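To keep things clear, I will list the structure first and then write my remarks on it.
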Amino acid sequence: MYFFVNDYNSICYPEILDCLKENMDEFNIGYGFDYHSDKAKALIRKALADDSVDIHFLPGGTSANIIGASCGMRQQDSILALATGHIKGHEAGSIEATGIKVELCYADSGKLSRKILENEIGKFDTEFTTMPKKVYISNTTELGEVYSKAELMDIYDFCKAHDMYLFIDGARIAAALASDKCDYTMKDLTKMCDIFYLGGTKVGFLFGEALVIVNDDLKKDVLKLIKQKGAMLAKGFISGLMWERVFSEEGFYLKGSRHAYLMAKLLAEGLEKKGYRLNPAFESNQIFLDLDHDKLKLWQNLAKFEIVDSFDTCHRIRLVTTFRTKKSDVEGFLEEIE
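Given below as structure tokens:
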């Protein structure tokens, strides 16, 4: 049985486990104030080429989205996001539970754009509406698309022009950076938004994300917010050890995501040769396509994958590759499907 369900289906890189074992006998200060967390933050700042950012290690994507969406916000403020955005349909209302309303925008793809924002912003100019203060996007998108540098800068420029903040959900930012479609590097990230996070859970870590706060206006009292929302780990040094290990080796953070991209590319090209139409077009480690009822049953006997939507005549499925996906698995799957 082949496994293409998601990119957080295995424990972690062996190197991370080795690192934890090597430091098993240590005693550390709690709550992220330890040496390893400090060293990891310094290494990340170096990789980002920005010493001014604040970095906070969080348990997972939901906590990162809660803190990222709510920091620096007032009760009358709101955050603009696509209807397909992760914070809208996949966080159990956790953003709204902070008192921040998610106002929806609509697009034909998984990408938000400056044009969409310009069309929407005028709807909030009366006292009867919320005050949009942040824009939320994810990179890669929920549909596996990769934002270009120009697209990101257009959105960021819009935010600055309207006294808003841009928050980038980076659970799969490594997948974006590892894609051939990407025209920027880690050193560009802090120049294109106010706050974002580097994903760990979906790129080979045991768990965790690294929230990076660029804008000084959003840095105040974030530690208190993290504690209040249940996102502060008493054993924060475990996160510190993982991030220190990964960023102490040049290229390690993107290594697994690049492998996942190459395996997805092999899979996408193989599917297209067999006549399958990918929707949207392949850009990262998430592949989407439609199968009729009979094909779906046949594929389910061969592989594990997610059905993301169902229609009268077909089902939309998602295939995801990871740092552990083997070339032989991709080739074997392609040989067995019709």
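Numbering that gives the first Met the number 0 applies: residue 0 is where the sequence shown begins, and numbers increase by one. Every residue, glycine too, gets a C-beta built ideally from N, C-alpha and C. From a predicted model like this one, the values you see are computed outputs, not experimental measurements.
*Would you decide whether Gly306 is buried or exposed? Buried here means 16 or more other CB atoms lie within 10 Å of its CB.*
Indexing the sequence shown from 1 puts residue 306 at position 307. Sequence check: residue 306 is Ile here, not Gly. That one is exposed.
*Is the beta carbon of Tyr196 sitting closer than 9 Å to the one on Asp168?*
Stepping through the sequence shown from its first residue, residue 196 is reached at position 197. Stepping through the sequence shown from its first residue, residue 168 is reached at position 169. Yes; because the gap between Cβ atoms is below 9 Å, this pair is in contact.
_Distance check for Ala68 and Thr97, CA to CA, integer angstroms please._
Translated into the one-based positions of the sequence shown, residue 97 becomes position 98. Translated into the one-based positions of the sequence shown, residue 68 becomes position 69. So the alpha carbons of these two residues sit roughly 9 Å apart.
*asked:* Among Thr139, Leu297, Cys104 and His55, whose alpha-carbon lies nearest the alpha-carbon of Gly340?
replied: Not covered by the structure: residue 340. The range shown for the chain is 0 to 337.
*How is the alpha helix (DSSP H) around Met152 delimited, first residue to last?*
Along the sequence shown, one-based indexing puts residue 152 at 153. Met152: member of the alpha helix (DSSP H) spanning Lys148 to Ala160, first to last residue.
*Assign Ser137 to buried or exposed, taking buried as 16 or more other Cβ atoms, counted over all protein chains shown, within 10 Å of its Cβ.*
Stepping through the sequence shown from its first residue, residue 137 is reached at position 138. It is buried - the Cβ of Ser137 has at least 16 other Cβ atoms within 10 Å.
_Val329, enclosing alpha helix (DSSP H) - first and last residue_ = The residue labelled residue 329 in the question sits at position 330 within the sequence shown. Start and end: Lys326 to Glu335.
*asked:* DSSP has Lys100 in a bridge; who is on the other side?
replied: Sequence index remark: in the sequence shown, residue 100 carries index 101 (1-based). In the DSSP output, where bridge partners are listed per residue, Lys100 has Ser77.
_Bridge-paired residues (DSSP) for Met130_ = The residue you call residue 130 lines up with position 131 of the sequence shown. According to DSSP, Met130 bridges with Asp76.
*Which listed residue (Lys186, Met163, His161 and Tyr164) has its alpha carbon closest to that of Ala173*: Counting from one through the sequence shown, the residue named residue 173 turns up at place 174. Its Cα nearest to that of Ala173, the residue Lys186 stands out among Lys186, Met163, His161 and Tyr164.
*Candidates His35, Gly29, Lys133 and Thr321: which alpha carbon is nearest Thr200's?*
Position 201 of the sequence shown, counted from the start, is the residue given in the question as residue 200. Comparing Cα-Cα distances from Thr200 to each of His35, Gly29, Lys133 and Thr321, the minimum goes to Thr321.
*Can Arg323 and Ser9 be called in contact, C-beta distance under 9 Å?*
Residue 323 sits at position 324 when you count from the first residue of the sequence shown. Residue 9 sits at position 10 when you count from the first residue of the sequence shown. One thing to note: Arg323 has its Cβ within 9 Å of the Cβ of Ser9.
*asked:* For Asn118 and Tyr164, which I take to be in contact (beta-carbon distance under 8 Å), what is that distance rounded to the nearest angstrom?
replied: Start at 1 with the first residue of the sequence shown, and residue 118 comes out as number 119. Start at 1 with the first residue of the sequence shown, and residue 164 comes out as number 165. At roughly 20 Å, the Cβ-Cβ gap does not stay under 8 Å, so Asn118 and Tyr164 are not in contact.
*Return the first residue and the last residue of the alpha helix (DSSP H) that Val221 is part of.*
Your numbering for residue 221 matches position 222 in the sequence shown. For Val221, the enclosing alpha helix (DSSP H) stretches over residues Val221 to Gln227.
*Pairing CB atoms from the segment 268-286 with CB atoms from the segment 58-73, are three or more of them under 8 Å?*
Flag = no, the segment 268-286 and the segment 58-73 do not touch.
*Secondary structure at Phe204, three-state DSSP: helix, strand or coil?*
To locate residue 204, count along the sequence shown from 1; it is residue 205. DSSP places Phe204 in coil when its eight states are reduced to three.
_With a threshold of 9 Å between beta carbons, is His161 in contact with chain C?_
Of the chains in the structure shown, none is chain C; there is only one protein chain.
_For Glu90, report the span of its beta strand (DSSP E) as first-last._
Along the sequence shown, one-based indexing puts residue 90 at 91. Careful: Glu90 lies outside any beta strand (DSSP E) and carries neither H nor E.
*Neighbour-count burial assignment, Ser309, 16 or more Cβ in a 10 Å radius*: One-based indexing of the sequence shown puts residue 309 at position 310. Exposed, by the Cβ-count rule.
*Three-way DSSP call (helix, strand, coil) for Gly67 in this model*: One-based indexing of the sequence shown puts residue 67 at position 68. Here Gly67 sits in helix by DSSP.
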